[in-house]
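So the structure is just underneath, and the comments pick up after that.
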Amino acid sequence: MNKKIAVIRGDGIGPEIMNEAIKVLNKVGELFGHTFSYTDVDMGGCAIDKYGEPLPDGELKKCLESDSVLLGAVGGDKWNNVAGDKRPEKGLLKLRAGMGVYSNNRPAKIWPQLIDASPLKPSIVEKGIDFIIVRELIGGIYFGEHKTEGSTATDIMCYTKDEIERIGRIGFETARKRGKKLCSVEKSNVLDTSRMWKSVMHELSKEYPDVELTDMLVDNCAMQIVKNPAQFDVIVTENMFGDILSDEASMITGSIGMIPSSSLGDSSLGLYEPIHGSAPDIAGKDIANPIGMILSAAMMLKYSFDMNTEADAIEKAVFDVLEDGYRCADIFPQSSTTCKKVGCIKMGQLIAEKLKK
Ligand code: IPM
Ligand code: MG
45 MNKKIAVIRG DGIGPEIMNE AIKVLNKVGE LFGHTFSYTD VDMGGCAIDK YGEPLPDGEL
105 KKCLESDSVL LGAVGGDKWN NVAGDKRPEK GLLKLRAGMG VYSNNRPAKI WPQLIDASPL
165 KPSIVEKGID FIIVRELIGG IYFGEHKTEG STATDIMCYT KDEIERIGRI GFETARKRGK
225 KLCSVEKSNV LDTSRMWKSV MHELSKEYPD VELTDMLVDN CAMQIVKNPA QFDVIVTENM
285 FGDILSDEAS MITGSIGMIP SSSLGDSSLG LYEPIHGSAP DIAGKDIANP IGMILSAAMM
345 LKYSFDMNTE ADAIEKAVFD VLEDGYRCAD IFPQSSTTCK KVGCIKMGQL IAEKLKK
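In terms of our numbering, the sequence shown is numbered consecutively and its last residue is 401.
Spelled out as C-alpha cells, the structure:
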C-alpha cells in the first residue's frame with residue numbers, strides 16, 4: 045500500500061522522537077512492502093516563530109489531504125507569554141477540531157517488564173493494569189467561550205446530546221471488543237453537562253445489553269485509578285476529565301513516555317500522538333523515550349490503514365527490546381544491574397532492528 049502521512053514534529057522533544065517513529069515505519073515499509081511518504085507540517089511554537097500563528101490554514105489543509113497525521117509534541121516555556129488564542133496548544137486544538145477527531149483513545153497498560161517502574165505497590169499492580177480511556181476530544185470546556193474581563197475570567201463548558209451520544213457509542217463499541225465493561229465518568233452531583241452525559245449513556249446502554257455500564261464520579265475515579273486499577277476495562281469521559289485522568293493513568297503504568305494515543309472521527313483519517321508533552325528541559329539531549337511515539341505510529345497502522353499484522357509487529361519489537369533489558373532514562377530502574385540505559389536514537393534503532401515479519 046501507498047500511504048501519505050502528514051508529520052508534525054512540533055517542539056521540544058517532538059522532532060527527535062518523530063525521527064525514531066519514522067525509522068520504524070520505514071522498516072515496516074521495507075518488510076511488508078508498503079510505501080509511506082511524509083509531508084512535513086508546521087504546528088506549535090515552531091509555527092508561531094515562522095508564521096506568527098500556531099497552525100496556519102495551509103498547514104491544516106496538508107493534514108486534511110493526507111491519509112493520516114502523526115504528531116510529536118507542541119509547546120514550551122518559550123511561548124508561555126504568547127496570548128491565549130495564539131499559544132502553541134491552540135494549534136493542537138485547531139487541528140483536532142479541524143480534523144473532526146472527537147474520539148481520543150488512551151490505553152493504560154502495564155508492560156510486564158516495567159512492573160517495578162510503577163509507583164504503586166506490587167500488590168496492586170500484580171492484579172493487572174489494562175484499561176482504555178475514551179476521551180471526548182472536541183467539545184466541553186476546551187471549546188466553550190473563554191474570556192477575561194477585568195478581574196473576572198470565564199470558561200464555558202457546553203455539551204449537546206449528539207456530542208455525548210457519538211462518543212458514548214465509541215465507548216460501548218470499544219468495551220464490546222474487550223472486557224465488555226464500560227465505566228462512564230462524570231460529575232453529575234454538580235454539573236448539568238454531567239447529568240445529561242449520564243442520562244445519554246444509560247439511554248445508549250439499551251442498545252448494548254452485552255456491555256455492563258457503571259457510573260462513577262470523576263473525583264472517585266481519580267482515587268479508584270490508584271486504589272484498584274484492575275477494576276477498569278473502558279472508561280468513557282468528557283474532554284477535561286479525560287485529560288486529567290489519562291495523565292494519572294499513564295503514571296501508574298510506569299511512565300507517561302510509554303503511552304500512545306489515537307484520535308478519530310467518522311473517517312479513517314486519524315491523528316496519532318504520544319500523550320506526553322514536549323519536555324523542553326530534556327530536548328536535544330538524546331534522552332527522551334521514543335516508545336510512546338513509536339506505539340502511536342503502530343496505532344496509526346492499525347486504526348487508519350488496517351495494517352494489523354504490521355502494528356502487532358511493532359508492539360512485539362518493543363516488547364522484545366524491553367525484554368532484552370534496554371531502557372530509556374524515564375523507565376530505567378535505579379537499582380538495576382541487568383538493565384541497559386539507552387538514548388532516544390539507540391532505542392529507535394533497537395526497535396527497528398527487532399522488527400520481523
Ligand atoms: C493532551 C495535552 C493537551 C490537552 C494540551 C497540550 C492542549 O495535555 O493531549 O492531553 O489538554 O488536550
Ligand atoms: Mg493532557
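For each residue, glycine too, the CB sits at the ideal point set by N, CA and C.
Note that the coordinates shown come from a computational prediction; the quantities given were computed from them, not determined experimentally.
Open item on the list: Report the CB separation of Ile408 from Ala293 in whole angstroms; it is logged as a contact under 8 Å.
Closed with: This structure leaves residue 408 out entirely; the chain is present only between 45 and 401.
Open item on the list: Can you tell me whether Lys171 is buried or exposed? The criterion is at least 16 other CB atoms within 10 Å of its CB, across all chains shown.
Closed with: Lys171 should be labelled exposed.
Task: Selected residue, minimal CA-CA separation from Ala361, among Asp330, Val113, Ser380 and Gln393 - done: Of the candidates Asp330, Val113, Ser380 and Gln393, the one whose C-alpha sits nearest the C-alpha of Ala361 is Gln393.
TODO: With distances taken Cα to Cα, identify the nearest neighbour of Glu282 among Asp55, Val244, Met45 and Gly328.
DONE: Cα-wise, what sits closest to Glu282 is Val244.
- [ ] Measure from the alpha carbon of Phe187 to the alpha carbon of each residue in Asp129, Arg150, Val234 and Arg210, then state which is nearest.
- [x] When Asp129, Arg150, Val234 and Arg210 are compared, the shortest CA-CA separation from Phe187 is found for Asp129.
Open item on the list: Any heavy atom of the ligand IPM inside 8 Å of the beta-carbon of Ile296?
Closed with: With a threshold of 8 Å, the Cβ atom of Ile296 does not count as near the ligand IPM, since no heavy atom of the ligand is closer than that.
Task: Check whether Met13 and Val118 have beta carbons under 9 Å apart - done: Nothing about residue 13 can be read from this structure; the chain reaches only from 45 to 401.
Open item on the list: For the ligand MG, I want to know if Asp55 counts as a neighbour, meaning its beta carbon is within less than 8 Å of at least one of the ligand's heavy atoms.
Closed with: Result no, Cβ not under 8 Å from the ligand MG.
- [ ] Locate the alpha helix (DSSP H) running through Pro59, then write down its first and last residues.
- [x] First-last of the alpha helix (DSSP H) with Pro59: Gly58 to Phe76.
Task: Ile200: CB within 8 Å of a non-hydrogen atom of the ligand IPM - done: No - the ligand IPM has no heavy atom lying nearer than 8 Å to the Cβ of Ile200.
- [ ] Evaluate Leu108 with the Cβ neighbour count: other Cβ atoms within 10 Å of its Cβ, from every protein chain shown; 16 or more gives buried, anything less gives exposed.
- [x] Flag for Leu108 reads exposed.
Open item on the list: For Tyr316, which residues in the same chain have their Cβ closer than 6 Å to its Cβ, ignoring the five residues on either side in sequence?
Closed with: So the list reads Leu114, Ser306, Ser340, Met343 and Met344, once near-sequence residues are dropped.
TODO: Kindly indicate the opening and closing residues of the beta strand (DSSP E) around Asp84.
DONE: Per DSSP, the unbroken beta strand (DSSP E) holding Asp84 starts and ends at Thr79 to Asp84.
Open item on the list: Just to confirm before moving on: does the CB-CB distance between Gly328 and Ile375 stay below 9 Å?
Closed with: No, these two residues do not count as a Cβ contact at 9 Å.
Task: Spatial distance of Ser402 from Asn63 (CA atoms) - done: For residue 402 there is no data in the structure shown, the boundaries of the chain being 45 and 401.
Open item on the list: At the 9 Å Cβ level, is Gly54 part of the contact set with chain C, yes or no?
Closed with: Of the protein chains in this structure there is only one, and it is not chain C.
- [ ] Report the option in Arg131, Gly184, Ala127 and Val72 whose CA atom is closest to the CA atom of Tyr146.
- [x] Comparing Cα positions, the closest option is Gly184.
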